[in-house]
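Numbering (the numbering used here), first residue to last: 83 to 240.
All C-beta atoms in this analysis are idealised placements derived from N, C-alpha and C, irrespective of residue type, glycine included.
Quick caveat, the model's predicted, so the values are computed rather than measured.
Notes follow once the structure below has been shown.
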């Protein structure tokens, strides 16, 4: 038990020494490929012909930089969540979709009836501001029929 405590204490002291000096010693790392083509890594030389010593080093992490990166990721995630919530809020509900479909069907029916009247009527008219009938000439009649036909196409096709 005492031996375990001394190892732990030594590791802590070594870690503090590294933290205080600001440099991290990576040790030696070796890479080699065996006869089967498998790549291996180790901290001791293997003696293999394909062995190479890797130059690995590291430096201490800047906590302020890490905090800034984490904050930027959190901000981006919050912005994404906000955008998704806004998009979802803009999407119509099932009830709104049904109401819109009913309104579309009613308009379709209305414009079909109006087109039928425009086609079968001898003369088309509109009422002026005094409530009197003003009959349309041939050009105005054709234009009115074309507008109603466009509305039938708009509301009656899916």
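Beta-bridge pairing of residue 136 - partner residues as DSSP gives them
Partner(s): 111.
Please say whether residue 207 and residue 237 have beta carbons closer to each other than 8 Å?
No, they are not a contact pair.
What does DSSP give as the partner residue(s) for residue 217 in the beta ladder?
DSSP, once it has assigned bridges, lists 207 as partnering residue 217.
So who's on the other strand from residue 124, going by DSSP bridges?
When DSSP reads this structure, residue 124 sits in a beta bridge with 112.
Please report the straight-line C-alpha distance between residue 228 and residue 220, rounded to a whole angstrom.
Rounded to whole angstroms, residue 228 to residue 220 spans 12 Å at the Cα level.
Quick test of your reading: residue 196 and residue 235, contact by CB under 8 Å. State the CB separation rounded to the nearest angstrom.
Residue 196 to residue 235, Cβ: 13 Å. No contact.
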